[in-house]
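>
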Amino acid sequence: MQVKKVYFQPHGDERGQLIALEEYKDIPFQIRRVYYIYDTAEGVTRGYHAHKSLQQILICIHGSCKIRLDNGKEKEIVLLDKPNEGLYVSNAMWREMFDFSPDAVLMVLASELYDESDYIRNYNDFLEYVRNCEETTDGE
Ligand code: T46
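Residue numbers (my numbering): 2 to 141.
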């Protein structure tokens, strides 16, 4: 699986660092929602779902965490531990977030507003969704 990481240019000077993120420039979609995950209890794994349409960029702006990505065929674990590095997570991608350091803040930029009907929360449903997507693409 090709993991898509994006790197953001810090504007550093003697005062410290600043990173600016603009839609369609640093982020490959319109940013319609931002949320962040913090104070994660030790040993917790979150996620366990995929999305039908949503695209996201995950940035661990403080501390570290790991993301398990699964496209239905291959799995990959990605470490996020830098505020100037993002992970692009496409639609139709199962994700699990784990190994959060106590100080981790995982910020997520999302292409859509919150919509529960966009979630696929059952793994077998996800595999079927991926198969159906492939069949549709093959038939084009
Ligand atoms: C994802 C991963 C990386 C809202 O009300 N609005 C929101 O925008 C979000 C994201 C969540 N919520 C509510 C829904 C639940 O009652 O917050 C609660 C926790 O959400 P959830 O269990 O979905 O959190 P995670 O960490 O499993 O997943 C989240 C995102 O939902 C998901 O889209 O890709 O982070």
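Heads up, the beta-carbon is just placed ideally off N, CA and C, and yes, glycines get one too.
Here the structure is a predicted model, which means the values were calculated and not measured.
1. Taking 9 Å as the threshold (C-beta atoms), are Tyr115 and Arg16 in contact?
2. My assumption, with CB atoms under 8 Å, is that Ile121 sits in contact with Lys53. Please give the rounded CB distance.
3. Starting from the C-beta of Trp95, find all residues in its chain whose C-beta is less than 6 Å away, skip the five residues before and the five after it, and write them out in chain order.
4. Could you give the distance in angstroms between the alpha-carbon of Gln56 and the alpha-carbon of Glu23?
5. Please tell me whether Tyr8 and Asn92 are closer than 9 Å, where the distance is taken between their beta carbons.
6. CB Leu110 to CB Ile28, shorter than 9 Å?
7. Answer with buried or exposed for Val45, where buried requires no fewer than 16 other C-beta atoms within 10 angstroms of its C-beta.
8. So what does Leu22 bridge to, in DSSP terms?
9. What's the call for Val4, buried or exposed, on a 16-neighbour Cβ count within 10 Å?
10. Return the CA-CA distance between Tyr39 and Lys67, expressed in angstroms with no decimal places.
Concretely, from the data shown:
1. no
2. 7 Å
3. Ala51, Asp71, Phe127
4. 15 Å
5. Contact: no.
6. Cβ distance < 9 Å, so Leu110 and Ile28 count as in contact.
7. exposed
8. Leu22 is not bridged to any residue.
9. Counting of Cβ neighbours within 10 angstroms places Val4 among the exposed residues, the total staying below 16.
10. 14 Å
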